[in-house]
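K.L.:
Can you read through this structure? Questions will come right after.
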Amino acid sequence: MRDAAGRKGRRPQSKYAERPAGRRRAALFAALTLAAAAALAGCGSDSGPPVVTWYVNPDNGGQAKLAAKCTQQAGGKYRIATALLPRDSTAQREQLVRRLAAGDKGIDLMSLDLPYLAEFANAGFLHKFQGSEASELTKGMLAGPLEAAKWKDELYAVPFNSNTQVLWYHKSVAAKAGLDIGPNSDVTWKQVIAAAEKSGTTVQVQASRYEGYTVLINSLVASAGGKILKNPEAGKDVTPAIDSAAGRAAADVLRTLGRSKAASADISNSDEGTSQAGFNADNGGFMTNWPFVYTAETGTLNDLKTQRKSAPAGKRAALDKQIREQQAKVDDFGYARWPGVVKGRPSAPPLGGINLAVGAFSQHTKESVEAARCITSPASQKEYMLGEGLLPTVESVYADPEIRKAFPMAGLLRKSVDQGAPRPITPYYPDITAAVQRTWHPASAVSPSRTPEATAKLIVAVLHDKELI
């Protein structure tokens, strides 16, 4: 939990952007790729250097490029073969769990969605990085992603890429509403909703009953100073912490938005893609979303400029008009820190991304660790950010001139990733997120006095097999 997002001109990866029409094709391709990778892994030691099989989540080819680059840099010590996992994060988890539970030795590396690390580590599915190995692999890493790669204070993965959300807004709308806002502003949800109502525009969020809604709720609770769980490491005996002042403050934000004129008509079915479309509509004003929404607009602008260079004379005038319109759209694209819940208290922005883990049953552990070092290096993370739009976990990459040019808000993104709120790190995360989604949906029906309490009770009941979701 494509938590990955930000691919140019596309919806985010992982659970955040399921595309039903392509599911069967993706599944077939994944099956063929897995079969090929398994064959490679089986014959690698006999016909050449060891083959490190890396199970990857779907992207635009960035991970395959890194695999090829790191294979070349290995100088014959090993080769990296990629195996494509399903697009949906839940399906990715199911496939990996099934294979690892059977002691599959062919899973050397895996791109693992953040919420599942605790479950996999607790089950003994992952290699534990220790001592100098751990310190070398995580040198210069930001605190937020690093926390999400640990279970019980032990490192079970290397943060590969990260993601976070910011508040996107149309500068013209903010000016019309009289909202004083900029890249360094700390505004509250109350201010944003009021500005949208005043300007007759919408506040776009992700509030369908899916993982993206848990991401929103978790950050609202964290922004108010609370947590969903008090002691996630306790497993089934965990103590819910959402029935608190912070939980009630988060519920108040969602209820207020859900019942306001600023809510989109499809708020109960909204995801990253519908939010993007709503923000680009005539009545779009504000939106919380991943950086892919910005790179989609700059990508369109760059594509138009490229077309203009080779266009025949008769088509240049039309392209010039499109370029001017798209440039104006990009220029009107404002950004600020994710909204706060409590005035004067910095928000805790959503944290997404992918961890790179080594399978516990791998026959090529040494080579897999070396491959992970190359794949997560600053140079590789810079390449992946420029190619895929997903954020690095290494702090120094954000200061790179090329990154700053492509992402003017790089400083804000770095700060948001570093101070982001991971979802509960627990082996029972699938049950936790299901309980949250069930009790908090739809947003308009959320009750500050009842919903957090209902969530806490349902979490306990589900974990102790007294209720099913």
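In case it helps, mature numbering (1 follows the signal peptide of the UniProt record, and there is no 0) puts the sequence shown at residues -41 to -1, 1 to 428. Note that beta-carbon positions come from the ideal geometry of N, C-alpha and C, so glycine has one too. Predicted model, so just to flag it, every value in this text is computed and none were measured.
By DSSP's criteria, His86 is part of a beta bridge. Which residues make up the other side?
P.N.:
None, per the DSSP bridge assignment.
K.L.:
Beta-carbon within less than 6 angstroms of Tyr37's beta-carbon, same chain only, minus the 5 sequence neighbours each way: which residues are those?
P.N.:
Taken in chain order, the residues that qualify are Pro8, Pro9, Val11 and Glu326.
K.L.:
Under the three-state reduction of DSSP, which class applies to His423: helix, strand or coil?
P.N.:
Residue state, collapsed to three classes: coil.
K.L.:
Going by DSSP, which residues form a beta bridge with Asp72?
P.N.:
BP columns for Asp72 point to Ile313.
K.L.:
Using the C-alpha atoms, what's the distance from Pro309 back to Ala108?
P.N.:
For Ala108 and Pro309, the distance between alpha carbons rounds to 16 angstroms.
K.L.:
Candidates Val328, Val356, Ala331 and Glu329: which alpha carbon is nearest Lys341's?
P.N.:
Checking every option, the nearest Cα to that of Lys341 belongs to Val356.
K.L.:
Quick one: grab the DSSP three-state call for Met246.
P.N.:
Correct three-state label for Met246: strand.
K.L.:
Quick check on the burial criterion: 16 or more other C-beta atoms within 10 angstroms. Buried or exposed for Glu113?
P.N.:
Exposed is the call here.
K.L.:
Give a single yes or no on whether Ala82 has its beta carbon closer than 7 angstroms to a heavy atom of the ligand COA.
P.N.:
The ligand COA is not among the ligands present in this structure, which contains no ligands whatsoever.
K.L.:
Where Ala80 and Tyr115 are concerned, what is the direct C-alpha to C-alpha distance, given to the nearest angstrom?
P.N.:
Each residue's Cα considered, the two are about 7 angstroms apart.
K.L.:
Kindly indicate which residue of Ala404, Trp399, Gln396 and Pro389 has the alpha-carbon position closest to the one of Leu422.
P.N.:
It is Pro389 whose Cα lies nearest to the Cα of Leu422.
K.L.:
Got a sec? Which residues, its chain only, sit under 6 angstroms from Ala393 by beta carbon, not counting five neighbours each side?
P.N.:
Closer than 6 angstroms at Cβ, skipping near neighbours: Ile428.
K.L.:
Would you kindly check if the distance between the Cβ of Gly21 and the Cβ of Tyr343 is under 8 angstroms?
P.N.:
Yes, they are a contact pair.
K.L.:
Sort Phe292, Tyr75, Ile66 and Gly299 by Cα distance to Gln235 and report the nearest one.
P.N.:
Nearest C-alpha to Gln235: Phe292.
K.L.:
Could you compute how far the alpha carbon of Gly217 sits from the alpha carbon of Gln165?
P.N.:
Taking the straight line joining both Cα atoms gives about 12 angstroms.
K.L.:
What are the start and end residues of each continuous alpha helix (DSSP H) run of 4 or more residues lying completely inside the segment 309 to 376, in chain order?
P.N.:
Counting only runs of 4 or more, we get 324 to 334, 337 to 347 and 360 to 365.
K.L.:
Below 8 angstroms on the Cβ atoms is my contact criterion, and I expect Phe320 with Gly62 to pass it. Report the Cβ-Cβ distance as a whole number of Å.
P.N.:
That pair is a contact at about 5 angstroms.
K.L.:
In the segment 37 to 67, which residue ranges form an unbroken beta strand (DSSP E) of at least 3 residues, counting only runs that do not cross its ends?
P.N.:
Entirely contained in the segment 37 to 67, the beta strand (DSSP E) runs reaching 3 residues are, in chain order, 38 to 43.
K.L.:
In terms of residue numbering, what span does the beta strand (DSSP E) encompassing Tyr14 cover?
P.N.:
Unbroken beta strand (DSSP E) run through Tyr14: Val10 to Val15.
K.L.:
Is the segment 120 to 135 touching the segment 365 to 381, taking contact as three or more C-beta pairs under 8 angstroms?
P.N.:
Yes, the segment 120 to 135 touches the segment 365 to 381.
K.L.:
Is Leu278 near Gln286, with beta carbons less than 8 angstroms apart?
P.N.:
Not a contact, by the Cβ cut-off of 8 angstroms.
K.L.:
Using C-beta distances below 7 angstroms, list every residue in its chain close to Asp424, excluding the 5 sequence neighbours before and after it, in chain order.
P.N.:
No residues qualify anywhere along the chain.
K.L.:
Quick one: what's His129 bridged to in DSSP?
P.N.:
Beta-bridge pairing links His129 to Phe292.
K.L.:
Using three-state DSSP, classify Thr259 as helix, strand or coil.
P.N.:
Of the three classes helix, strand and coil, the one that applies to Thr259 here is helix, per DSSP.
K.L.:
Assign Gln124 to one of three DSSP states: helix, strand, or coil.
P.N.:
Three-state result, Gln124: coil.
K.L.:
Around the C-beta of Glu231, are 16 or more other C-beta atoms found within 10 angstroms, so that it is buried, or is it exposed?
P.N.:
Glu231 is buried by the Cβ-count criterion.
K.L.:
To the nearest angstrom, report how far apart Ile418 and Pro383 are at their CA atoms.
P.N.:
Taking the straight line from one Cα to the other gives about 13 angstroms.
K.L.:
What's the call for Ser91, buried or exposed, on a 16-neighbour Cβ count within 10 Å?
P.N.:
With fewer than 16 other Cβ atoms within 10 Å, it is exposed.
K.L.:
Closest to Ser306 by CA distance: which of Pro104, Ala183 and Ala134 is it?
P.N.:
Nearest of Pro104, Ala183 and Ala134 to Ser306, Cα basis: Ala183.
K.L.:
Comparing alpha-carbon positions, which option in Thr161, Arg207, Ser167 and Ala276 lies nearest Glu221?
P.N.:
A small correction: the amino acid at residue 221 is Ala; Glu does not occupy that position in the sequence shown. The residue with the shortest Cα to Cα distance from Ala221 is Thr161.
K.L.:
How is Pro411 classed by DSSP in three states: helix, strand or coil?
P.N.:
Three-state DSSP puts Pro411 in a helix.
K.L.:
Can you name the residues that DSSP bridges to Lys109?
P.N.:
DSSP, once it has assigned bridges, lists Leu114 as partnering Lys109.
K.L.:
State the Cα-Cα distance for the pair Ser4 and Leu349, rounded to the nearest angstrom.
P.N.:
Caution is warranted here: a pLDDT of 49 is assigned to Ser4, below 50, making its placement in the model unreliable, and the coordinate value is therefore given only provisionally. Rounded to the nearest angstrom, the two C-alpha atoms are 34 angstroms apart.
K.L.:
Using 8 angstroms as the cut-off, can you tell me whether the segment 295 to 306 makes contact with the segment 40 to 51, which would need three or more C-beta pairs spanning the two stretches below that distance?
P.N.:
Touching, no.
K.L.:
Look up Thr215 in the DSSP assignment and say whether it is helix, strand or coil.
P.N.:
Helix.
K.L.:
Are Val300 and Val212 closer than 8 angstroms when you measure CB to CB?
P.N.:
In contact: Val300 and Val212 (Cβ atoms closer than 8 angstroms).
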